[in-house]
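Report on one structure; see the data block that follows.
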Amino acid sequence: MPIIKQVDSEINDTEKRLNARDFPGLLEQLESNDPSARRWAARDLATHSEAAKALVQRLKREDDKSVGEAILTTLTKLADPVAVACLVECLRSEDVALRNEVIEAMKNLPNEVAPIMGSLLTDTDPDVRIFAVNILESLRHPQVETWLMEVIKNDTHVNVCATALDLLGEVGTLASLDALQNLKLKFSDQPYIIFAADLAIKRISEA
Amino acid sequence: MADISISEQDFLIFREYFYRKTGIHFETNKRYFVDKRLVERIKETGATSFQNYFRMVRFEASGTEFQSLVNIMTVNESYFFREEYQFKCLVNSMLSEITKNKTDKAPIRIWSVPSSSGEEAYSIVIYLLEHWPDIDKWDIEIISSDIDTDILNRARQGIYSPRSVQHLPPELLKKYFKPSGAGYQICDDLRQAVEFTRVNLMDVDDVRAYRGFDVIFCRNLLIYFDDVSRRQAAETFFDALKPNGFVCLGHSESMSRISSLFKVRKFPEGIVYQKPEVNK
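Respectively, the protein sequence lines represent chains A and B. Counting in the numbering used here, the first sequence runs from 131 upward without gaps. Counting in the numbering used here, the second sequence runs from 1107 upward without gaps.
Now the structure itself:
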């Protein structure tokens, strides 16, 4: 039979450790010219809580997608305040793909992102505020509706409010109705806001 | 507790959300199936309405209830020749591409994970022996892994119920199995052909040695993982594959929703995912 069997020991023997896997060794590997070595360093750094800064520094200039993904996954697993701050920093990047990856990563960190959500939603940059609402879309946290109500109540940027409004249409409860009515008054010259707010109000009232 | 009912609107909202999170789409004719299970979970969790329950599912930090919902909405049953179109894709499309680009005579390596009780790995062997015209020109290694050592022992024994083998053509059942109690045992040659190993896909040290595969079958597993674990599994597969190697997921799973590491390949038999040569 041409199906041949490889014994388990051979599977394990294929792994040869050429470089030190301690913290200094992994940082060195993170700067290797070989993307595969960088990717493995990024994955192995998940057990080193002090690795976040070095990972983000690498992420900002990383041109290999697979290494970038490994770094983001490791930052998500580290999930300490430094890692989260580093992710927030990447939200301000001009690199759209990186921003989207970071938004996805932050959706997986409800407890870590919650303490900084207030400041993200009041950031001076409306794009960052929109990204923060994007994070709320899948953030498993009981305060999501409250955050969204605050956005449509306080934010003056129509695109930020429209993004929050779309999400409230999905997750809002009767508690959101007043805020939705007020939003219609605040943007009475914006047909989309009126339409989407009416839809959300109808959906919530009929639920 | 008052009767819980799922309105048309509730169904549509749930369907849209569940699709977004899992890639599983329920046709309208599945409404009864979905409603019944939703009501079951609503009652089980003590929620008072669909609205309350849906909010809990979305915003519960642990994601435990969402996972319970996934488990109850999916049917986890392994049997021979399950999702046969991917085996057809293997012998008709993937392997011809792999052999065309191969520059050595090293064995073609296939990893089936999770092994469960071995149906998938043995199905691959049978399919190759029966349907791949080049089977005598190449050596093939098939490794099948699972985290559960009890199920691995069952896989090595290779004893199956009539239900497990019901999709096998009778001539193949006769050719590769022998009666065993109320069921069948797969023949010794096939049992010897597959290497079953214990591996935890989430343990970097466990998976580090798994390299150099041409094809990985990982079907109907990632659906049970959370988002971070799915990404981690995708990275493991990426590192385990040779450049241009293929990953086959279950019909309701999509790598594109998990990671952008892989290229989508559309073959006549179905969609699979391919590790690119360069990752720019």
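The beta carbon of each residue, even a glycine, is placed where N, CA and C say it ideally should be.
Report the rounded CA-to-CA distance for residue i versus residue j, giving the unit in angstroms.
| i | j | result |
| --- | --- | --- |
| A:E145 | A:T204 | In this predicted model, A:E145 has a pLDDT of only 47, less than 50, meaning its place in the structure is not dependable enough to derive any value. |
| A:C216 | B:L1347 | 31 Å |
| A:A176 | A:D210 | 11 Å |
| B:I1292 | B:L1278 | 11 Å |
| B:R1161 | A:I260 | 22 Å |
| A:F322 | A:H287 | According to the sequence provided, residue 322 of chain A is Tyr. The question's Phe does not apply to it. The straight-line gap from Cα to Cα measures roughly 14 Å. |
| A:L228 | B:L1201 | 34 Å |
| B:R1314 | B:F1344 | 11 Å |
| B:R1297 | B:F1352 | 25 Å |
| A:G299 | B:I1119 | 10 Å |
| B:K1206 | B:V1321 | 15 Å |
| A:G362 | B:D1294 | Outside the modelled stretch of chain A, which goes from 131 to 337, sits residue 362 of chain A, for which no answer is possible. |
| B:F1117 | B:R1137 | 7 Å |
| B:T1255 | B:Q1157 | 41 Å |
| B:F1373 | B:Q1115 | 37 Å |
| B:K1208 | B:I1246 | 13 Å |
| A:K190 | A:V212 | 16 Å |
| B:A1153 | A:T293 | 29 Å |
| B:R1371 | B:V1176 | 27 Å |
| B:E1203 | B:I1248 | 18 Å |
| B:R1126 | A:E267 | 11 Å |
| A:A182 | A:R188 | 10 Å |
| A:N312 | B:T1134 | 36 Å |
| B:I1257 | A:D308 | 56 Å |
Ignore the nearest five residues each way along the sequence and tell me which others in residue i's own chain have a CB closer than 8 Å to its CB.
| i | result |
| --- | --- |
| B:E1146 | I1178 |
| B:E1359 | G1129, R1325, N1326, L1328, I1329 |
| A:F325 | none |
| B:R1121 | H1131, F1132, V1140 |
Less than 6 Å between C-beta atoms, sequence neighbours within five positions excluded: which residues of the same chain meet that for residue i?
| i | result |
| --- | --- |
| B:N1387 | There is simply no residue 1387 of chain B to check, as chain B begins at 1107 and stops at 1386 in what is shown. |
| A:L156 | A171, D174, L175 |
| B:W1244 | I1214 |
| A:S139 | A caution first: A:S139 carries a pLDDT of 46, below 50, which makes its placement in the model unreliable, though a value can still be read off. Excluding residues within five positions, none has a Cβ falling inside 6 Å. |
| A:L269 | K237, P240 |
| A:K283 | A309 |
Out of the options, state which residue places its alpha-carbon closest to the alpha-carbon of residue i.
| i | options | result |
| --- | --- | --- |
| B:I1216 | B:D1345, B:F1323, B:S1358, B:N1350 | B:F1323 |
| A:S249 | A:D285, A:L304, A:A227, A:A235 | A:D285 |
| B:Y1123 | A:V301, A:K314, A:K316, A:A184 | A:V301 |
| A:L304 | A:S335, A:T206, A:R191, A:F153 | A:S335 |
| B:E1171 | B:F1186, B:Y1290, B:I1148, B:Q1192 | B:I1148 |
| A:I246 | A:P165, A:D164, A:Q320, A:W277 | A:W277 |
| A:T206 | B:N1158, B:S1335, B:S1221, B:S1155 | B:S1335 |
| B:L1367 | B:E1375, B:F1373, B:R1337, B:C1354 | B:R1337 |
| B:L1144 | B:V1378, B:T1180, B:I1241, B:E1341 | B:T1180 |
| A:P272 | B:A1167, B:Y1379, B:R1371 | B:A1167 |
| A:F317 | A:S306, A:K332, A:R333, A:V290 | A:V290 |
| B:I1110 | B:R1126, B:K1280, B:S1155, B:G1376 | B:S1155 |
| B:I1377 | B:K1211, B:S1199, B:S1184 | B:S1199 |
| B:C1354 | B:K1194, B:S1174, B:G1169, B:I1253 | B:K1194 |
| B:S1222 | B:Y1266, B:R1164, B:R1317, B:D1210 | B:Y1266 |
Please list, in chain order, all residues of the same chain as residue i whose beta carbon is under 7 Å from its beta carbon, the five residues on each side excluded.
| i | result |
| --- | --- |
| A:N142 | Summary for A:N142: the model assigns pLDDT 47, below 50, so the residue's position carries little reliability, and this model does not support an answer. |
| A:S196 | P165, R169 |
| A:V243 | V214, M236, I265, L269 |
| B:T1342 | L1307, V1313 |
| A:P256 | H287, N289, V290 |
| B:H1273 | Y1185, F1186, F1187 |
| B:S1174 | R1147 |
Let me know if residue i comes out buried or exposed under the rule of 16 or more other beta-carbons within 10 Å of its beta-carbon.
| i | result |
| --- | --- |
| A:L239 | buried |
| B:G1224 | buried |
| A:I134 | exposed |
| B:Q1192 | buried |
| A:S306 | buried |
| A:D225 | exposed |
| A:L315 | exposed |
| B:G1264 | buried |
Tell me whether the beta-carbon of residue i lies closer than 8 Å to the beta-carbon of residue j.
| i | j | result |
| --- | --- | --- |
| A:L221 | A:I201 | no |
| B:V1305 | B:Y1228 | no |
| A:L295 | A:A330 | yes |
| B:A1261 | B:S1270 | no |
| A:A337 | A:L310 | no |
| A:E219 | A:L251 | no |
| B:V1197 | B:Y1233 | yes |
| B:P1275 | B:G1289 | no |
| B:E1375 | B:N1350 | no |
| A:P154 | B:I1241 | no |
| B:A1339 | B:M1361 | no |
Check whether the Cβ of residue i sits closer than 7 Å to any heavy atom of the ligand FMN, and report yes or no.
| i | result |
| --- | --- |
| B:D1210 | The ligand content of the structure shown is nil, which means the ligand FMN is not present either. |
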